[in-house]
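In what follows, a single structure is set out as structure tokens and then discussed.
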Amino acid sequence: GQNIDQPTEMTATEGAIVQINCTYQTSGFNGLFWYQQHAGEAPTFLSYNVLDGLEEKGRFSSFLSRSKGYSYLLLKELQMKDSASYLCAVRNPLGGSYIPTFGRGTSLIVHP
Amino acid sequence: DGGITQSPKYLFRKEGQNVTLSCEQNLNHDAMYWYRQDPGQGLRLIYYSQIVNDFQKGDIAEGYSVSREKKESFPLTVTSAQKNPTAFYLCASNPVGSNGELFFGEGSRLTVL
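Residue numbers (the numbering used here), protein chains in the order written: chain A, 651 to 762; chain B, -3 to 109.
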């Protein structure tokens, strides 16, 4: 089985930095994803980590520690348009394949 | 342009009626998925298919049915057996053997009156 935990909601100020944490417990692990989802829209891919360490992509970075079952998404220089839900997803074995399983998402509110 | 098309975007149905949501992709992806999302919740897997004419149940398959007669198409039927069908439904696809990144359609919002 799998269990993925994220904070339900976070608030931050425009221009600041915010870190969204994700912890997971899984019977098998084959990668962790972060997606961004604006209200009423489909999720869009942000990052993928399969090895320990930090992956940086512009204003967004994602970190993974497999031994701790822990990841975070770091957003720098926050903009109002970053207000969205951020979904952590872990790739788990299911029926001979690896299928992404999602956490409940973290709703980020960026205020001026 | 390549992508995934879901239709309809909004759908209203009376309780007890079956409804079919369409999902078509022209990305030549082998795997396709259906997820359900409720307010304030993450995505829960309903069904997935790795190859034509084969599909597997996800975590919440009860009350749903699918078919995969063509590589491009993976329709989802919400049956009257689904006790709480009002939700946002997302179809996704990816190539088998990839890192697993999902490519999503725009979603279908089903409201049962």
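Using N, Cα and C, we set each Cβ at its ideal position, and we do this for glycine too.
Excluding the 5 residues preceding and the 5 following residue i in the sequence, name in chain order all residues of the same chain whose CB lies nearer than 8 Å to its CB.
i, result
"B:K10", "V108 and L109"
Excluding the five sequence neighbours on either side, which residues of its own chain have a C-beta within less than 6 Å of the C-beta of residue i, listed in chain order?
i, result
"B:T16", "P71 and T73"
"A:F752", "L737 and A739"
"A:R741", "N680, G681, Y748 and P750"
What first and last residue would you give for the beta strand (DSSP E) that runs through residue i?
i, result
"A:K707", "G703 to K707"
"B:T73", "L72 to V74"
"B:D50", "D50 to K53"
"A:L714", "F710 to S715"
"A:S721", "Y720 to L725"
"A:V700", "Element bounds for A:V700: n/a, residue is neither H nor E."
"A:T663", "E659 to T663"
"A:L758", "T756 to H761"
"A:V750", "Residue identity check: residue 750 of chain A is Pro in the sequence provided, not Val. Per DSSP, A:P750 belongs to the beta strand (DSSP E) from S747 to F752."
"B:L106", "S104 to V108"
"B:Q2", "I0 to S3"
"B:R64", "Taken as a continuous stretch (DSSP letters only), B:R64 belongs to no beta strand (DSSP E), as it is neither H nor E."
Are any of the Cβ atoms in chain B nearer than 8 Å to that of residue i?
i, result
"A:S747", "yes"
"A:G681", "yes"
"A:G753", "yes"
"A:P750", "yes"
Taking DSSP as the reference, what is the three-state secondary structure of residue i?
i, result
"A:D732", "helix"
"B:L110", "Coverage of chain B is limited to positions -3 through 109, which leaves residue 110 of chain B absent and any answer about it impossible."
"B:K79", "coil"
"B:D34", "coil"
"B:E20", "strand"
"B:D26", "coil"
"A:N680", "coil"
"B:Q46", "strand"
"B:P91", "coil"
"B:I56", "coil"
"A:P743", "strand"
"B:E11", "coil"
"A:I667", "coil"
"A:Q687", "strand"
"A:Q675", "strand"
Please check if any C-beta of chain A sits within less than 8 Å of the C-beta of residue i.
i, result
"B:N22", "no"
"B:Q13", "no"
Within a Cβ cutoff of 7 Å, which residues of the same chain sit near residue i, ignoring the five residues on either side of it in sequence?
i, result
"B:E68", "E20, Q21 and N22"
"A:T673", "D655, G719 and Y720"
"A:E705", "S697, N699, S711 and S712"
"B:G54", "L41, I42, Y43 and Y44"
Members of the segment 692 to 718 of chain A near chain B, C-beta cut-off 8 Å: A692, P693, T694, F695, Y698 and V700
Which residues, in order along the segment 75 to 107 of chain B, keep a beta-carbon less than 7 Å from a beta-carbon of chain A? L86, N95, G96, E97, L98, F100, G101, E102 and G103
With 9 Å as the limit, tell me which residues of the segment 34 to 45 of chain B have their beta carbon closer than that to any beta carbon of chain A; keep them in chain order. G36, Q37, G38, L39, R40, L41 and Y44
May I ask you to list, following chain order, the residues of the segment 722 to 748 of chain A that have a beta carbon less than 7 Å from some beta carbon of chain B? L737, R741, G745, S747 and Y748
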